[in-house]
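In the UniProt record's numbering, the protein residues as written are 1 to 127.
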Amino acid sequence: MVDYTETYSEISVDMSPDEEAETHPVALKPAPRHSERDNSPVTTAVLKTLLADLQKSILTDVALIRTDLQGLTGTIAVLETASSDQAQQKRTLQKAVQGLQQHSEQTKRRFTAIEEWRWKNNLKMHL
Numbered sequence: 001m002v003d004y005t006e007t008y009s010e011i012s013v014d015m016s017p018d019e020e021a022e023t024h025p026v027a028l029k030p031a032p033r034h035s036e037r038d039n040s041p042v043t044t045a046v047l048k049t050l051l052a053d054l055q056k057s058i059l060t061d062v063a064l065i066r067t068d069l070q071g072l073t074g075t076i077a078v079l080e081t082a083s084s085d086q087a088q089q090k091r092t093l094q095k096a097v098q099g100l101q102q103h104s105e106q107t108k109r110r111f112t113a114i115e116e117w118r119w120k121n122n123l124k125m126h127l
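Structure, rendered in structure tokens:
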């Protein structure tokens with residue numbers, strides 16, 4: 001059987017920073033305890049309804065989580081593709097930079113050779 005005997009306690013409540021705290025009695029009731037004799041058809045029906053609602057809620061949450069996971073999987077695939085594309089673009093740019101560096105070195109060597117040739121020819125003309 002459930003004991004509903006009322007007990008009282010005093011708590012202090014701050015009304016404002018300027019006033020002193022006041023003390024008010026508050027009724028405290030213990031929570032009803034489940035006993036073996038409390039297996040009424042109403043309690044059983046309520047518990048079954050609560051259980052069914054909980055199961056529906058869990059199934060809904062699982063479905064939402066699956067949808068979220070599918071979305072995340074799609075996002076990951078897109079990011080992996082973009083990452084792969086960026087890696088390919090990086091390799092292409094690196095090859096282009098290497099080609100430009102080689103061309104630049106060739107141009108410098110040719111320019112140096114032309115300058116040397118001009119210097120030698122100018123030197124010969126003046127001698």
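Heads up, the beta-carbon is just placed ideally off N, CA and C, and yes, glycines get one too.
Asked: Helix, strand or coil, according to DSSP, for SER84 in the structure here?; Found: helix
Asked: Could you tell me the distance, in whole angstroms, from the CA atom of VAL62 to the CA atom of GLN86?; Found: 35 angstroms
Asked: In whole angstroms, what is the alpha-carbon distance linking ARG118 and GLU105?; Found: 20 angstroms
Asked: Would you report the Cα separation of GLN55 and THR49, rounded to the nearest angstrom?; Found: 10 angstroms
Asked: Quick check: the Cα distance between GLN102 and SER83, rounded to an integer number of angstroms?; Found: 28 angstroms
Asked: For LEU79 and THR73, what's the separation of their Cα atoms in angstroms?; Found: 10 angstroms
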